[in-house]
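Accompanying notes for the structure given below.
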Amino acid sequence: MTENSALAMQREALINELRNVDDIDVIQKVQRSLNRALAAVKKAASKAQEEEDEEEYISKEELEQRYLRAFTQMYRAKKEGWKLKSAEELLNEL
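Residues in the sequence shown are numbered from 1 upward in steps of one, following the UniProt record's numbering.
So this is what it looks like as structure tokens:
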């Protein structure tokens with residue numbers, strides 16, 4: 001059974017159970033609980049999205065500093081005769 005069909009079956013079972021309820025207080029409590037649960041899920045999803053966005057963002061200044069360090073390292077290596085790894089060697093390490 002796939003996850004989507006299991007979800008559909010649970011949803012239908014809950015709807016059918018709710019259809020059999022004759023007490024308005026129970027229906028209102030279920031509705032409030034559902035709203036709270038949906039709000040919590042939405043809040044958690046937006047928080048996770050914000051954290052993901054923050055991790056992916058690199059400022060222009062930070063990028064410039066990274067390039068400057070890399071070029072400085074390349075210049076020193078060439079001047080002092082260090083042997084640096086080629087791009088192919090670096091990719092092979094990954």
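Even for Gly, the Cβ is constructed at its ideal location relative to N, Cα and C. Since this is a predicted model, take the numbers as computed values, not measurements.
Is the Cβ-Cβ distance between residue i and residue j less than 9 Å?
i     : j     : result
LEU38 : VAL30 : no
Rounded to a whole number of angstroms, what is the C-alpha to C-alpha distance between residue i and residue j?
i     : j     : result
PHE71 : TYR57 : 22 Å
LYS85 : MET74 : 11 Å
ILE27 : GLU52 : 37 Å
ASN35 : GLU62 : 42 Å
LYS47 : GLN10 : 27 Å
ILE24 : ALA13 : 19 Å
GLN65 : ALA6  : 51 Å
LYS78 : LEU68 : 15 Å
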